[in-house]
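In the working numbering, the protein residues as written are 19 to 465.
Here a beta-carbon is modelled for each residue, glycine too, at the ideal position from N, C-alpha and C.
These numbers come from a predicted model, not from an experiment.
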Ligand SMILES: [Zn+2]
């Protein structure tokens with residue numbers, strides 16, 4: 019067994035068995051043992067005592083649009099992974115679209131990996147994409163280490179990543195099920211979107227009416243049916259419509275292999291508070307009413323909703339005009355997701371253990387990384403976030419590290435200051451400042 023080189027000590031360590039005082043021994047980049055708080059520090063090991071700050075497993079964000087290469091002016095691997103590091107995220111998975119090329123062939127994956135390799139402050143992996151005509155590329159991408167495949171059922175917003183029609187969706191799902199891969203879906207039904215009034219303009223209520231809950235609900239009903247028929251693993255991305263929760267719960271109870279994520283903006287921002295023209299709040303599906311938000315929190319509490327991930331989807335400031343019809347849809351929250359969620363979670367009576375389950379353990383499980391990431395226990399990577407949960411700060415866009423300092427959280431006072439993040443036992447950030455860059459490219463477990 020390799021020598022212990024580091025001991026991280028806290029009165030509040032979040033372990034799979036609950037929160038407790040502990041000393042976490044690290045050897046060779048992994049957690050060697052979780053010891054009692056007053057355990058003796060092995061000779062030659064460094065002690066890092068964080069006092070009453072909380073030691074969490076590093077967060078795993080499986081939904082990030084990095085856009086590099088091709089739309090690097092929107093976001094790049096250097097800036098995105100730096101923002102992630104400052105926000106307590108130690109592993110991120112990049113979405114297959116908005117970069118050029120999109121991650122729809124092995125060749126394109128290699129282009130993206132080459133760009134990311136020297137820029138990743140945090141561990142970075144890739145989703146593949148399922149688009150019309152690339153069924154033959156799915157298995158090779160799977161074997162090349164992508165974590166699964168994203169598809170759209172309605173237009174994605176970029177021409178090079180078209181949506182799948184019903185027949186194409188069925189071909190993709192059949193192929194992915196044949197190697198027991200994972201299909202992740204932007205679930206909005208195009209017919210409902212066509213039928214909805216598309217008025218555009220600065221009024222948020224018109225934008226909300228243009229992306230009705232029924233579009234999500236019907237798309238998810240279709241996915242449940244397909245997952246059942248093909249015994250396929252399907253994951254619903256960024257759920258906003260809480261109306262879909264009962265059918266998801268029922269399908270899961272019947273053994274359908276469907277999982278669901280939601281995002282910080284759906285859980286912490288409401289339609290009622292979006293000022294007209296404030297397109298930094300625009301995303302698809304949209305932020306809905308307060309009553310919907312309450313139901314999403316209920317879905318998290320009862321386990322119907324599995325994880326909370328950022329859907330960090332930035333663009334340049336000029337693409338956020340004051341017209342909700344034409345502005346780019348996407349909210350940037352890599353650096354703010356943890357404090358935003360913790361602020362609301364604590365008000366609603368949830369614990370940091372809940373937050374860790376939703377933002378670290380469950381996303382690690384979704385990606386099949388649960389032997390390496392997502393918990394403080396022996397054998398996993400020594401990836402940590404040190405959080406001062408009762409300390410507050412007010413969001414200032416100028417202090418954000420993602421490339422374009424556009425944020426829907428400006429001026430909000432949030433609980434939870436990330437003191438430091440650690441990757442494989444090495445400090446990566448200290449009070450937001452990068453100390454070193456040790457991120458690696460990661461692949462799906464081939465076992
Ligand atoms: Zn997305």
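Query                                                                                                                                                                               : Result
Just mark residue 465 as buried or exposed, buried being the case when its beta carbon has 16 or more other beta carbons within 10 Å.                                               : At residue 465, the pLDDT of 46 sits below 50, so the modelled position is not reliable; the number obtained from the coordinates is stated separately. It counts as exposed.
Take the Cβ of residue 19 as the centre, count every other Cβ of all protein chains shown within 10 Å, and call the residue buried at 16 or more, exposed below.                    : exposed
Suppose contacts are defined by Cβ-Cβ distances below 8 Å. Is residue 139 in contact with residue 190 by that definition?                                                           : no
Starting from residue 30, follow the beta strand (DSSP E) in both directions and report where the run begins and ends.                                                              : 24 to 33
Is the CB-CB distance between residue 31 and residue 394 below 8 Å?                                                                                                                 : yes
Could you tell me whether any non-hydrogen atom of ligand 1 is closer than 7 Å to the CB of residue 113?                                                                            : yes
Here's a check: name, in chain order, each residue in its chain whose Cβ is nearer than 6 Å to the Cβ of residue 261, leaving out the five neighbours to either side.               : 231, 235
Less than 8 Å between the C-beta atoms of residue 133 and residue 382, yes or no?                                                                                                   : no
Throw me the rounded Cβ distance for the residue 333 and residue 229 pair, which I believe falls under 8 Å.                                                                         : About 18 Å separates the two Cβ atoms, so there is no contact after all.
Is the closest heavy atom of ligand 1 to the C-beta of residue 331 under 7 Å?                                                                                                       : yes
From the DSSP output, in three-state form, read off residue 94 for me.                                                                                                              : coil
So, at 7 Å on beta carbons, what are the nonlocal neighbours of residue 38 in its own chain, with the 5 sequence-adjacent residues on each side left out?                           : 31
Rounded to whole angstroms, what is the Cα-Cα separation between residue 120 and residue 365?                                                                                       : 40 Å
Do you know offhand how far residue 425's Cα is from residue 415's?                                                                                                                 : 6 Å
Please find out if some non-hydrogen atom of ligand 1 comes closer than 7 Å to the beta-carbon of residue 160.                                                                      : no
Regarding residue 83 and ligand 2, is the C-beta to nearest heavy atom distance less than 7 Å?                                                                                      : You won't find ligand 2 in this model; what it holds is ligand 1.
Taking all protein chains shown into account, do 16 or more other C-beta atoms lie within 10 angstroms of the C-beta of residue 420, making it buried, or fewer, making it exposed? : buried
I need the DSSP call for residue 16, collapsed to helix, strand or coil.                                                                                                            : Nothing in the structure corresponds to residue 16, since the chain is present only between 19 and 465.
Ordered along the chain, which non-local residues of its own chain (more than five positions away) have a Cβ less than 8 Å from that of residue 270?                                : 276, 322
I'd like the span of the alpha helix (DSSP H) that includes residue 244, first residue to last.                                                                                     : 231 to 248
Which residue marks the beginning of the alpha helix (DSSP H) containing residue 284, and which one marks its end?                                                                  : 282 to 286
With a cut-off of 8 Å, does the C-beta of residue 365 fall near any C-beta of chain D?                                                                                              : This model lacks chain D altogether; it includes just one protein chain.
Please confirm whether any heavy atom of ligand 1 lies closer than 7 Å to the CB of residue 253.                                                                                    : no
Going along the chain, which residues of its own chain have a beta-carbon closer than 6 Å to the beta-carbon of residue 233, five neighbours each way excluded?                     : 206, 207, 210, 211
Is the stretch 237 to 246 close to the stretch 337 to 352, with three or more CB pairs under 8 Å?                                                                                   : no
Less than 8 Å between the beta carbons of residue 117 and residue 137, yes or no?                                                                                                   : no
Per the DSSP calculation, residue 146 is bridged to which residue(s)?                                                                                                               : 167
How about residue 420: is its Cβ closer than 7 Å to a heavy atom in ligand 1?                                                                                                       : no
Pick helix, strand or coil for residue 360, following the three-state DSSP scheme.                                                                                                  : helix
Going by DSSP, which residues form a beta bridge with residue 330?                                                                                                                  : 82, 349
Does residue 402 come out as helix, strand or coil in the three-state DSSP assignment?                                                                                              : strand
Does the separation of the CB atoms of residue 450 and residue 405 fall below 8 Å?                                                                                                  : no
Put residue 378 into one of helix, strand or coil per three-state DSSP.                                                                                                             : helix
In the DSSP assignment, what residue or residues form a beta bridge with residue 194?                                                                                               : BP columns for residue 194 are empty, so no partner.
Verify whether the separation of the beta carbon atoms of residue 75 and residue 372 is less than 8 Å.                                                                              : no
Please list the terminal residues of the continuous beta strand (DSSP E) segment that includes residue 394.                                                                         : Segment: none, residue 394 is in no beta strand (DSSP E) and carries neither H nor E.
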